[in-house]
Amino acid sequence: MNIAAKIVTIGLASFLLAGCSKVEYDYKALGFSSNNEMQAAFDKGYQTKQKLDEMTKPAPVAATAPQTPAVVESSPVVAASQVEPVVSQVAATPPSPAQETNSAAVLAAASACDSVRACAEAMLGAAKIESVASAMEAARRIGAMPKPQRGDRKLARKLNSEGLESLKQRKLPDAAATLTQALEADPADEEILSNLIFAYNEDGNVSKAEQLAYNGLLLNPKRANIWLPIAIAKQKQGKPNEALEAMWIAWQFSEDKERMLALLDKRIAEETDDGMKMMYVNAKAWVLESKKPSF
């Protein structure tokens, strides 16, 4: 096995998971023809490492049903035959000049973004070319931005409980109003923000839900529960490609892929809107079967 294949196999992209998004190795010394080829190998290595982790992961314990409308996440069981071809492909098929140029442009955008919105758009662009490195770099830049100060947590949690009760009763305007008060009481509470975004999406206020979701990235740009409502908002606004890109990011950042997969299956089974159902079907095919959409 040549050194490029070894890099992918051992998952050097784990540097990205640790927050180190800029690789500083000499690509020539590592056997690559360009820095972009090396970066592409690291991206594929990250995806391969995720699959290998799933193969060695203990059988999950059945989870208790969630008490809030927070996103449920999940992960597949991956056979070894699904993993090895990825390693071989990375080592044997270097990116074309056009792909290298595009990858470099996406990474440059991620490295230069200076606002939450710009960095979020850079992350969507990274999803389009499946570049974990670029997505992580943009997330790192958001993570370095100033955060809201914590507020009255006791009051905020009380209002959050009241808002969730209204959600259960399908009193959506009341739920949105109460959860807005809860977020004003503690602007740094990620769960309250997620619940408020959910309430707006359920009530059909898609633009407000999307705006809040982008704001929520400031609290945590790697929270799957924020990227999923962005995907829903994009789909409802007639932007299916951006919706799938947001779903890809939600999957990459999901900490419990088995629960994420359960959510996708549940939405596919229960969704009555054809466009929304296809978003979940295509997202599942992309992340589990490597059936990347044609953007």
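Numbering (my numbering), first residue to last: 3 to 297.
Ideal Cβ placement from N, Cα and C applies to all residues, glycine included.
Since the structure is predicted, the reported quantities are computational estimates derived from the model, not experimental observations.
Closest by CA to GLN237, which one among VAL108, GLY206 and LEU195?
GLY206
If you compare alpha carbons, which of LEU166, ARG172 and GLU244 is closest to GLN1?
Coverage of the chain is limited to positions 3 through 297, which leaves residue 1 absent and any answer about it impossible.
Under the three-state reduction of DSSP, which class applies to LYS293: helix, strand or coil?
coil
Could you check whether the region 141–158 touches the region 177–197, counting it as contact only if at least three pairs of C-beta atoms, one from each stretch, sit closer than 8 Å?
yes
Could you check whether LEU219 and VAL118 sit closer than 8 Å to each other, using their CB atoms as the reference points?
yes
Proximal residues to LYS279 (C-beta, below 7 Å), its chain only, five neighbours per side dropped:
ILE270 and GLU273
Within its chain, find whatever has a CB closer than 6 Å to the CB of ASN222; leave out the 5 residues flanking it on each side and keep chain order.
GLU192
Helix, strand or coil: how does DSSP classify LYS130 here?
helix
CB-CB under 7 Å to TYR202, same chain, minus the five flanking residues each way: which ones, in chain order?
ALA178, LYS210, ALA211 and LEU214
Look at the alpha carbon of GLU164 and the alpha carbon of ALA106, and state the distance between them as a whole number of angstroms.
48 Å
With three or more C-beta pairs closer than 8 Å as the rule, is the region 280–294 touching the region 237–250?
yes
I need the DSSP call for GLU145, collapsed to helix, strand or coil.
The identity of residue 145 in the sequence shown is Gly, whereas the question assumes Glu. Looking at GLY145 - three-state DSSP - the assignment turns out to be helix.
Restricting to Cα atoms, I'd like to know which of ALA111, ASN217, GLY127 and GLU132 is closest to VAL289.
GLU132
LEU220 lies in the alpha helix (DSSP H); which residues open and close that run?
Note, LEU220: premise wrong, no alpha helix (DSSP H); not H, not E.
Measure the C-alpha to C-alpha separation of LYS170 and ALA252 and round it to an integer number of angstroms.
25 Å
Would you report the Cα separation of ALA248 and LEU181, rounded to the nearest angstrom?
24 Å
Is the beta carbon of ALA129 less than 8 Å from the beta carbon of ALA141?
no
Beta-carbon gap between GLN255 and LYS286 smaller than 8 Å
Just to set this straight, residue 255 is Phe in the shown sequence, not Gln. Their beta carbons are not under 8 Å apart, which means PHE255 does not touch LYS286 by this criterion.
How would you call SER196, buried or exposed, if buried means at least 16 neighbouring beta carbons within 10 angstroms?
buried
Boundaries (first-last residue) of the alpha helix (DSSP H) holding PRO242
242–255
Please report the Cβ distance between MET262 and ALA226, rounded to the nearest whole angstrom; I am assuming they are in contact, meaning their Cβ atoms lie under 8 Å.
7 Å
Along the chain, where does the alpha helix (DSSP H) containing ASN227 start, and where does it finish?
226–238
Hey, out of ILE228, LYS268, ILE194 and SER296, whose CA is closest to LYS156's CA?
ILE194
Just confirm the distance between the C-beta atoms of LEU174 and LEU185, as a whole number of angstroms; I'd bet it's less than 8 Å.
16 Å between Cβ atoms; not a contact.
Within 10 angstroms of its Cβ, does GLU291 collect 16 or more other Cβ (buried), or is it exposed?
exposed
Look up GLY165 in the DSSP assignment and say whether it is helix, strand or coil.
helix
Within the same chain, show all residues whose beta-carbon is closer than 6 Å to that of PRO231, passing over the 5 residues directly before and after it, in chain order.
ILE199, ASN203, ALA211 and ALA215
Check the Cβ-Cβ distances between PHE255 and every residue of chain D, and say whether any is below 8 Å.
Chain labels in this structure do not include chain D; a single protein chain is all it has.
Give a yes or no on whether the C-beta atoms belonging to SER113 and GLU139 are separated by under 8 Å.
yes
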